[in-house]
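First comes the structure, then the notes that go with it.
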Amino acid sequence: MRKRLSAGSLAAIAIFLISFTTPPLATAAQTLAQVQAQINRLEEEATTAAEGAQEAKVKLASLTRSLAGIQAQAAIQGKTVDAISKTLGTIAVNQYKSGSLSQSLELLFSSDPSLYLSSAGSLEAITRRKSTELRKFQSAEQQLNATSLTVSDRLAQVKVLQKKLAERSAFAASKLAQAESLLAKLKKEDRERLAKLAEDLENADQASSLQAAKSAAGVSGRAGIALKYALLQIGDRYVFGAAGLTTWDCSGLTMRAFRTAGVSLPHSSRAQSRMGKSIPFNQKKPGDLMFFGRPVSHVGIYLGGGRMVHAPRSGSRVKVAEASLGRKPLVAVRRF
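So, in structure tokens, the structure goes:
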């Protein structure tokens, strides 16, 4: 029986043939296959940077929510300090107006002891109240100072994350710009040949992916729901930061797939890799999440048979592929 070649094998053969049938480019002395390999590498680097940006975005959103809560707490504490301060002022003013101290000295020499004792009791009550309010004021002021320091710390963290987000996003854009620059150096007919080759390979991957998706029919539970949802997106294009309903990045696809199964995940492969239950690599099952790269920069859903469904990179589509990314090692498997 003749063995049927996979889409990946067809891709390798196509690139191999191009490398021997296309003369070197005059501008860069490279074959079309070499240019295509460079473009793929740049797109993968851009995708890695984009996932780094997604992690910064998730952390920034969480930190911003935390900061808003702490700032609200600081505002309440500030009002409490003001209120206690006013109470202390009122006690002091009233004590001054009533002349409590001078009256107590006069009553000390009074011929009526009961009058003195009565007045002394009132003075003691005022003093106790003032002492209590003073302790409250000191405690409230300490809490406000501590909260204010926390706000300052959070604001500094926000600035750091905003900078990281901007840098990662700019880096991703620069890698795509380099890929576009490589293409721009090619002749029109060479660009068209590369585009046609890429489209044919994606179409072949889509056809084989749809066939492979049938193997998920027997997967049940949350894993089955998430896996089947992801497989329904086969053929949708990869877009940085996208989470549906027609375009995806890797963590956007897994986030939305598991949301349909009742599992809340952040839109970041690195953040997702810290959630769920850790599973030994040799015990993974269909529906488990597989994480790649150090640091983590890619995620896919295991289909079984050494394959996964994922949104690979810019310029590609959601597909079923081998559960291996070459230069990005498998670093974690998580179950939800």
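In full-length UniProt numbering, the protein residues as written are 1 to 336. Virtual Cβ for every residue (Gly too), placed ideally from N, Cα, C. On a predicted model such as this, the values are computed, not experimentally measured, just so you know.
So, are the CB atoms of residue i and residue j less than 8 Å apart?
i: Arg307; j: Val320; result: yes
i: Thr254; j: Gln272; result: yes
i: Tyr302; j: Ala323; result: yes
i: Ala242; j: Gly252; result: yes
i: Ser316; j: Tyr238; result: yes
i: Ala56; j: Lys164; result: yes
i: Lys285; j: Ala223; result: yes
i: Val318; j: Gln233; result: yes
i: Val81; j: Ala146; result: no
i: Ala207; j: Leu231; result: no
i: Phe291; j: Ser269; result: yes
i: Gly287; j: Ala204; result: no
i: Leu144; j: Ala74; result: yes
i: Gln157; j: Leu63; result: yes
i: His267; j: Gln54; result: yes
i: Ser314; j: Phe258; result: no
i: residue 393; j: Phe336; result: Any question about residue 393 goes unanswered here, given that the chain covers just 1 to 336.
i: Arg193; j: Leu42; result: no
i: Ile39; j: Ala179; result: yes
Quick check on residue i: does DSSP put it in helix, strand or coil?
i: Val58; result: helix
i: Met308; result: strand
i: Met255; result: helix
i: Leu289; result: strand
i: Arg65; result: helix
i: Leu303; result: strand
i: Val239; result: coil
i: Thr247; result: strand
i: Leu265; result: coil
i: Ala26; result: Confidence at Ala26 is low in this model, with a pLDDT of 37, below 50, so its placement is unreliable and the value that follows should be read with caution. Reduced to three states, the DSSP call for Ala26 is coil.
i: residue 340; result: This structure cannot speak to residue 340, because the chain is shown only from 1 to 336.
i: Ser9; result: Any reading at Ser9 must be qualified, since the residue scores a pLDDT of 42, below 50, and its modelled position is unreliable; the value itself is stated next. Reduced to three states, the DSSP call for Ser9 is helix.
i: Phe20; result: At Phe20, the pLDDT of 35 sits below 50, so the modelled position is not reliable and the matter cannot be decided from this model.
i: Ala14; result: Summary for Ala14: the model assigns pLDDT 42, below 50, so the residue's position carries little reliability; its value from the coordinates is reported in the next sentence. Note: Ala14 maps to helix in three-state DSSP.
i: Arg327; result: coil
i: Leu107; result: With a pLDDT of only 46 at Leu107, under the threshold of 50, the placement of this residue in the model should not be trusted; the figure read from the coordinates follows. Helix.
i: Ser316; result: coil
Step through the CB atoms of chain B and report whether any lies within less than 8 Å of the CB of residue i.
i: Lys136; result: The structure shown has no chain B; it contains just one protein chain.
Since residue i is in the beta strand (DSSP E), which residue starts that stretch and which ends it?
i: Lys319; result: Lys319 to Glu322
i: Ala204; result: Premise fails: Ala204 lies in the alpha helix (DSSP H), Lys188 to Ala212, not in any beta strand (DSSP E).
i: Ala271; result: Run containing Ala271: none in the beta strand (DSSP E); it sits in the alpha helix (DSSP H), Ser269 to Gln272.
i: Leu330; result: Leu330 to Arg335
For the alpha helix (DSSP H) holding residue i, just list the boundary residues, first then last.
i: Arg222; result: Gly221 to Leu232
At least three beta-carbon pairs within less than 8 Å, the stretch 35 to 51 to the stretch 162 to 176: yes
Specify whether the stretch 193 to 200 and the stretch 274 to 289 touch according to this definition: at least 3 beta carbon pairs, one from each stretch, less than 8 Å apart. no
Say whether the stretch 175 to 190 touches the stretch 283 to 303, bearing in mind that this needs 3 or more beta-carbon pairs closer than 8 Å, one atom from each stretch. no
Which whole runs of the beta strand (DSSP E) in the stretch 152 to 189 are 3 residues long or more, in chain order? none
May I ask you to verify whether the stretch 204 to 221 touches the stretch 61 to 79, counting CB pairs closer than 8 Å and requiring at least 3? No contact exists between the stretch 204 to 221 and the stretch 61 to 79.
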